[in-house]
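Visitor:
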Amino acid sequence: MGRPTRALPAMERARPRHGTPPPPPRPIVEPSQDSPQLPARALPRAAPPEATASSSPGSVQARLDQLQEEVDLLRASEQWRLLEEGSRLKELRKSQEQESLQQTRVE
Numbered sequence: 088m089g090r091p092t093r094a095l096p097a098m099e100r101a102r103p104r105h106g107t108p109p110p111p112p113r114p115i116v117e118p119s120q121d122s123p124q125l126p127a128r129a130l131p132r133a134a135p136p137e138a139t140a141s142s143s144p145g146s147v148q149a150r151l152d153q154l155q156e157e158v159d160l161l162r163a164s165e166q167w168r169l170l171e172e173g174s175r176l177k178e179l180r181k182s183q184e185q186e187s188l189q190q191t192r193v194e
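Under this note's numbering, think of the first position of the sequence shown as 88, with each following residue one higher.
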């Protein structure tokens, strides 16, 4: 048939070809006030259980505190977005009421 294929060692498979630049680092996606939901890839990833099992209780608590802070910030930004949306709706209703009053005066 053909030549037997040789499996490459892991180091050779992972090594980029000569002359090709390494892939650029993925950008950190910041939450936008305009977007109601963050894409799944933008959410912080939790540490795998095996990583936290060997960690000291202090570092686990620090990670929990950090995650809680991120949750609080996400909730606050969502509340702010809802407040802004509510004020825009109030302004829209007010302008619509003024327009309808002007139309009734003309008639």
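Positions of the beta carbon are idealized from the N, C-alpha and C atoms, including for glycine.
What you are looking at is a predicted structure, and each value in this text was computed from that prediction instead of being measured.
On the three-state DSSP scale, how would you describe S164?
Guide: In the sequence shown, counting from the first residue as 1, residue 164 sits at position 77. In this structure, S164 counts as helix in the three-state DSSP scheme.
Visitor: In three-state DSSP terms, what is S85?
Guide: It is not possible to answer for residue 85, since the shown part of the chain is limited to 88 through 194.
Visitor: Leaving out five residues on either side along the sequence, give the residues of the same chain with a beta carbon under 7 Å from the beta carbon of T139.
Guide: For the purposes of this step, residue 139 is identified with residue 52 of the sequence shown, where counting begins at 1. Unreliable positioning characterises T139 in this predicted model, as indicated by a pLDDT of 49, which lies under 50. The coordinate reading is nonetheless provided below. Cβ neighbours of T139 beyond the five flanking positions: V147.
Visitor: From L151 to L161, what distance separates their C-alpha atoms?
Guide: As a position in the sequence shown, residue 151 is number 64, starting the count at 1. As a position in the sequence shown, residue 161 is number 74, starting the count at 1. Answer to the nearest angstrom: the Cα atoms are 15 Å apart.
Visitor: Express the C-alpha separation of K181 and Q189 in angstroms, rounding to a whole number.
Guide: What you label residue 189 is simply residue 102 of the sequence shown in a count that begins at 1. What you label residue 181 is simply residue 94 of the sequence shown in a count that begins at 1. Cα to Cα, Q189 sits roughly 12 Å from K181.
Visitor: Look at the alpha carbon of L154 and the alpha carbon of Q185, and state the distance between them as a whole number of angstroms.
Guide: Reading the sequence shown from its first residue, position 67 is the one you call residue 154. Reading the sequence shown from its first residue, position 98 is the one you call residue 185. Distance between the alpha carbons of L154 and Q185: 47 Å.
Visitor: From A149 to R168, what distance separates their C-alpha atoms?
Guide: The sequence position of residue 149 within the sequence shown is 62, counting from 1. The sequence position of residue 168 within the sequence shown is 81, counting from 1. Straight-line Cα distance between these residues: approximately 29 Å.
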